[in-house]
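Colleague:
There are 4 protein chains.
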Amino acid sequence: MKYPDKHRKIIRAATKVFAKKGFFNARISDIAKEAKVADGTIYLYFNNKFDILLSVFEQEIGKLIDQVTLLLEKEDNPNNRLEIFITNHLEEMKKNKYLAEVIHIELRQTSKLIREYRKNKFSEYLNIIATIIENGQQEGFFRQDVKPEIAKKILFGSLDEVSRIWHLGNECPATVEEVTRQITAIFRTGLLAPIP
Amino acid sequence: MKYPDKHRKIIRAATKVFAKKGFFNARISDIAKEAKVADGTIYLYFNNKFDILLSVFEQEIGKLIDQVTLLLEKEDNPNNRLEIFITNHLEEMKKNKYLAEVIHIELRQTSKLIREYRKNKFSEYLNIIATIIENGQQEGFFRQDVKPEIAKKILFGSLDEVSRIWHLGNECPATVEEVTRQITAIFRTGLLAPIP
Amino acid sequence: MKYPDKHRKIIRAATKVFAKKGFFNARISDIAKEAKVADGTIYLYFNNKFDILLSVFEQEIGKLIDQVTLLLEKEDNPNNRLEIFITNHLEEMKKNKYLAEVIHIELRQTSKLIREYRKNKFSEYLNIIATIIENGQQEGFFRQDVKPEIAKKILFGSLDEVSRIWHLGNECPATVEEVTRQITAIFRTGLLAPIP
Amino acid sequence: MKYPDKHRKIIRAATKVFAKKGFFNARISDIAKEAKVADGTIYLYFNNKFDILLSVFEQEIGKLIDQVTLLLEKEDNPNNRLEIFITNHLEEMKKNKYLAEVIHIELRQTSKLIREYRKNKFSEYLNIIATIIENGQQEGFFRQDVKPEIAKKILFGSLDEVSRIWHLGNECPATVEEVTRQITAIFRTGLLAPIP
DNA sequence: GATGAATGAGCGTTCATTCAT
DNA sequence: GATGAATGAACGCTCATTCAT
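As they're listed, the protein sequences go chains Z, Y, C and P.
For the first sequence, this note's numbering gives the first residue as 4, with consecutive numbering after it.
For the second sequence, this note's numbering gives the first residue as 4, with consecutive numbering after it.
For the third sequence, this note's numbering gives the first residue as 4, with consecutive numbering after it.
For the fourth sequence, this note's numbering gives the first residue as 4, with consecutive numbering after it.
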């Protein structure tokens, strides 16, 4: 792997192609063309097609982790931290159409394979949510009866499902702020109407 | 198409095979073998492979709809109705391993195709959530600032992600009750600790 | 084969379908539908698909033989007999679009199989030409150096190729008379201009 | 498509296989094996099976055109030109068994498709005959009442039918010279016995 | 005899992967 | 390292034929 530059180019191309066509419908030659590289070159940098998918995730989720970690460093309040996570995720999904699609579709498609990998980037990303909640509980902000291990999935599932809004074309053109507000509201104070 | 029985057999087999292998890795011959039917027979009942997938969904989601609709008929309180929906979904997912997998994986995998179908069973299923929330709002149980169209996705996303728990083998063996409690709690009253 | 009526119906349907689609592109179910008969019924009257084709030929060529034989009975002059053969063939081809197509396309398509059958109807048909020529030679009308065995093919080839004119749609709309005149002229007196 | 050599190899193999089995009975894998090439390789040079057939024609008929054109250049006399065309066609058919079969069988088999192509090589080949006749008429050698457009078909039909002689195995072993003499005689001076 | 649902062998085509240049 | 032509296993789908009713 002499040229990390080429590795990056392929990852970028693959992200785009996977997003557009889905993993199974994407052809290696599509990725090669997009990356302006020969088909065979891809195999100098990746073992096989699935390996590319894996790398795309690690890479892209890695970026998400770095980004949100940076943002969270400056904030102590668990409530705010939760909102930061939510906002950042949704903003990134809206901004990076390709990444969003890849997470939406591919994460599920090959979930059995990907998710069974212990200690992968995706788990790491989810664990940021768990940590926020744990801290919030320790500091007395969040209810003690919520299990961070379950709650992290509940929140991620919501975010992932909801971020489709921007990629199915004809749906309601909700803003990131609007969706963030909704999801933050529900997770923070729930659906119940305030007692008057 | 004289024998609806055979149609059912194929659907059932397909559900199982899709769940086990995913849509793209599933072979028509796998489904045929599972259904104890010749490959060609499948094409007497379905137009093509994708048509099978579509039918599996319509069928299985249809069952979910019928079931939860029946349960909801007896209950008026929006709070309880929400809990019923959540419990039923999770229970079914835990019970019907194949259905759960098919929804998890396949719904996403081919989401672009499936979800763009207007007025499909899946939308119908989601709209049950929206209706519960709307009614709850009208009756003053739920906050007015929540948008049912967004909230239905938030909830479904949570349910779907969380119901993986039972199908990835090595995860924590949470009970349906436990998970229902968590998700109901969060959606009903949010994460915030009660003011003492 | 209790009902020769059904046998005929199938032959007729097959002629039509083979003409429209060609032997290999024709499906048994097409023929069955055209004959208003169940697929399986066809196998009560024919051994297999190829057997149907064979029967169509024998039948249709048989009709041609009977017809032209009848016409030739009334005429002794070899010149006129030749013209009768030519005219009759071309007229039939123009009239019976399906038969023409079947002879054009199918005779060739499966020629190896069909033509190797000794003593078949097709040979019989060609031999009518040979006989006309032989008689003409015996009676001193036709040149002695022409070999009837070769000449019969030369004439049939001409007739067959030329009768496409009416079935390719956009070609010159020559009349049967015109084409008969041309072909008769060439075969009778050749291309050479008369010495002035 | 770096290697035109491979393109040629496949064409040659296809000619052979089509000749032996007919278009519909020929398998891509047969052609591949004959060409000593992988199945998939064929699709690097051709779009599909039918495209191979088309290419075989264009190629082979093209060769015929070039060859006979060259021969005709040296000759002005329409009578001789006609004989040259006839002889050349028959000689080539006798020499190139595969080409002959492909023209015999395949040209007809898929005639609807192939012949509807305007301005194809086959038309070009037929038009050489028409031109010979037209010139002959202008120079006063050939009768004026013959229509070149029809006559070209009459002659080609004869040639094509007659050239079967060498490929059905058990027929009379006529020489090219013999057949050429017969066909030339008939077309030049007709069947009529010379007036004594 | 008639039916048509069922069968399953068979084929055109695709595409991840390899390897000679 | 880079290339891209070549490979060939794999699969969705068709359709002639069979056979239980």
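For every residue, glycine included, the Cβ atom is placed at its ideal position computed from N, Cα and C.
These numbers were taken from a predicted model, which means no experiment stands behind them.
(1) Please go through the region 33 to 120 of chain Y and give each complete alpha helix (DSSP H) segment of 4 or more residues, from N-terminal end onward.
(2) Under a three-way DSSP split, which group does A29/Z fall into?
(3) Tell me which residue opens and which closes the alpha helix (DSSP H) that S161/P is part of.
(4) Between the Cα of Y128/P and the Cα atoms of E164/P, F88/P and A103/P, which residue gives the shortest distance?
(5) Whole-angstrom Cβ separation of K70/Z and I14/Z, contact assumed at under 8 Å?
(6) Measure the C-alpha to C-alpha separation of Q140/Z and R146/Z and round it to an integer number of angstroms.
(7) Measuring alpha carbon to alpha carbon, tell me which of D33/Z, E104/Z, I157/Z and T178/Z ends up nearest A188/Y.
(8) Using three-state DSSP, classify A177/Z as helix, strand or coil.
(9) Just the Cα atoms here: how many angstroms apart are V59/C and N99/C?
(10) R11/C: buried (16+ other C-beta within 10 angstroms of its C-beta) or exposed?
(11) Take T178/Y as the anchor and find which of S126/Y, Y101/Y, L93/Y and Y46/Y has the nearest alpha-carbon.
(12) Within 10 angstroms of its Cβ, does D8/C collect 16 or more other Cβ (buried), or is it exposed?
(13) Quick test of your reading: A16/P and I31/P, contact by CB under 8 Å. State the CB separation rounded to the nearest angstrom.
(14) Can the beta-carbon of I64/Y be found less than 8 Å from the beta-carbon of F125/Y?
(15) Could you give the DSSP three-state label for N138/P: helix, strand or coil?
(16) Within a Cβ cutoff of 6 Å, which residues of the same chain sit near R118/C, ignoring the five residues on either side of it in sequence?
(17) Would you give the residue range spanned by the alpha helix (DSSP H) that I14/Z belongs to?
(18) Looking only at C-alpha atoms, which of Y101/P, I106/P and N91/P sits nearest to I132/P?
(19) For I136/Y, I'd like the list of residues in its chain whose CB is within less than 8 Å of its CB, leaving aside the five on either flank, ordered along the chain.
(20) Which chain Z residues are close to K19/Y, counting only those with a beta carbon under 9 Å from its beta carbon?
(21) Would L102/C pass as a contact of T44/C if the rule is Cβ separation under 8 Å?
(22) Looking at chain C, is there any beta carbon in it that lies within less than 8 Å of the beta carbon of I157/P?
(23) Where does L57/Y land, buried or exposed, given buried means 16+ other C-beta within 10 angstroms?
(24) Does the beta carbon of I153/Z come closer than 8 Å to any beta carbon on chain Y?
(25) Indicate whether F53/C and F27/P have their beta-carbon atoms separated by less than 8 Å.
(26) How about V182/Z: is its C-beta nearer than 8 Å to some C-beta of chain Y?
(27) Please state if the CB of E164/C and the CB of D79/P are separated by a distance shorter than 8 Å.
(28) Cα separation between L75/P and W169/C?
(29) Looking at the C-beta of V165/P, does it have a partner C-beta in chain C at a distance below 8 Å?
(30) Can V105/P and A29/P be called in contact, C-beta distance under 8 Å?
Modeller: The relevant details are as follows:
(1) You should have 42 to 48, 52 to 76, 81 to 98, 100 to 104 and 114 to 119.
(2) Counted from its first residue, the first sequence places residue 29/Z at position 26. Here DSSP, grouped into helix, strand and coil, assigns A29/Z to coil.
(3) Taking the first residue of the fourth sequence as 1, we reach residue 161/P at position 158. Taken as a continuous stretch (DSSP letters only), the alpha helix (DSSP H) holding S161/P covers P151 to V165.
(4) Start at 1 with the first residue of the fourth sequence, and residue 128/P comes out as number 125. F88/P is the residue among E164/P, F88/P and A103/P whose C-alpha sits nearest the C-alpha of Y128/P.
(5) Walking along the first sequence from the start, residue 70/Z turns up at place 67. Walking along the first sequence from the start, residue 14/Z turns up at place 11. Note on identity: in this sequence residue 70/Z is Gln, with Lys being the wrong assignment. In fact, because the Cβ distance is near 17 Å, the residues do not count as touching under 8 Å.
(6) Residue numbering aside, residue 140/Z sits at position 137 when the first sequence is read from its first letter. Residue numbering aside, residue 146/Z sits at position 143 when the first sequence is read from its first letter. Answer to the nearest angstrom: the Cα atoms are 6 Å apart.
(7) On the second sequence, residue 188/Y is found 185 positions in, with the first residue counted as 1. Residue I157/Z is the option with its Cα nearest to A188/Y.
(8) Indexing the first sequence from 1 puts residue 177/Z at position 174. For A177/Z, the three-state secondary structure derived from DSSP is coil.
(9) Locating residue 59/C in the third sequence gives position 56, counting from the first residue. Locating residue 99/C in the third sequence gives position 96, counting from the first residue. Going by the C-alpha atoms only, they are around 13 Å apart.
(10) What you label residue 11/C is simply residue 8 of the third sequence in a count that begins at 1. Counting C-beta atoms within 10 angstroms of its own C-beta, R11/C has fewer than 16 neighbours from the protein chains shown and is therefore classed as exposed.
(11) Here residue 178/Y corresponds to residue number 175 of the second sequence, with the count starting at 1. The candidate whose alpha carbon is nearest that of T178/Y is L93/Y.
(12) Here residue 8/C refers to the residue found at position 5 of the third sequence. D8/C comes out exposed.
(13) One-based indexing of the fourth sequence puts residue 16/P at position 13. One-based indexing of the fourth sequence puts residue 31/P at position 28. Wrong, their Cβ atoms sit about 11 Å apart, outside the cutoff.
(14) Here residue 64/Y refers to the residue found at position 61 of the second sequence. Here residue 125/Y refers to the residue found at position 122 of the second sequence. Yes, the Cβ-Cβ distance between I64/Y and F125/Y is below 8 Å.
(15) Here residue 138/P refers to the residue found at position 135 when the fourth sequence is read from its first residue. Taken through DSSP and simplified to helix, strand or coil, N138/P comes out as helix.
(16) Locating residue 118/C in the third sequence gives position 115, where the first residue counts as 1. With a pLDDT of only 49 at R118/C, under 50, the local geometry of the prediction cannot be trusted, and the value read off the model is given with reservation. Closer than 6 Å at the Cβ level, and outside the excluded window around R118/C, lies no residue.
(17) Walking along the first sequence from the start, residue 14/Z turns up at place 11. I14/Z -> alpha helix (DSSP H) spans P7 to K24.
(18) For the purposes of this step, residue 132/P is taken as residue 129 along the fourth sequence, with counting starting at 1. Among Y101/P, I106/P and N91/P, the Cα nearest to that of I132/P belongs to N91/P.
(19) Here residue 136/Y refers to the residue found at position 133 of the second sequence. Here the set comprises P81, L85, F145, V149, P151, A154 and K155.
(20) As a position in the second sequence, residue 19/Y is number 16, starting the count at 1. In chain order: nothing, as chain Z lies at least about 15 Å away.
(21) As a working mapping, residue 102/C is identified with position 99 in the third sequence. As a working mapping, residue 44/C is identified with position 41 in the third sequence. No. Outside cutoff.
(22) Indexing the fourth sequence from 1 puts residue 157/P at position 154. Taking 8 Å as the CB threshold, I157/P lines the interface with chain C.
(23) Taking the second sequence and counting its residues from 1, one reaches residue 57/Y at position 54. Result: buried.
(24) Counted from its first residue, the first sequence places residue 153/Z at position 150. Taking 8 Å as the CB threshold, I153/Z lines the interface with chain Y.
(25) Counted from its first residue, the third sequence places residue 53/C at position 50. Counted from its first residue, the fourth sequence places residue 27/P at position 24. Contact: no.
(26) Looking up residue 182/Z in the first sequence gives position 179. Answer yes: the Cβ-Cβ gap between V182/Z and chain Y drops below 8 Å somewhere.
(27) One-based indexing of the fourth sequence puts residue 79/P at position 76. One-based indexing of the third sequence puts residue 164/C at position 161. It is not a contact, given that the beta carbons lie outside the stated cut-off.
(28) Here residue 75/P refers to the residue found at position 72 of the fourth sequence. Here residue 169/C refers to the residue found at position 166 of the third sequence. Each residue's alpha carbon lies about 31 Å from the other.
(29) Along the fourth sequence, one-based indexing puts residue 165/P at 162. Under the 8 Å criterion on CB atoms, V165/P is classed as interfacial with respect to chain C.
(30) Position 102 of the fourth sequence, counted from the start, is the residue given in the question as residue 105/P. Position 26 of the fourth sequence, counted from the start, is the residue given in the question as residue 29/P. Going by C-beta atoms, V105/P is not nearer than 8 Å to A29/P.
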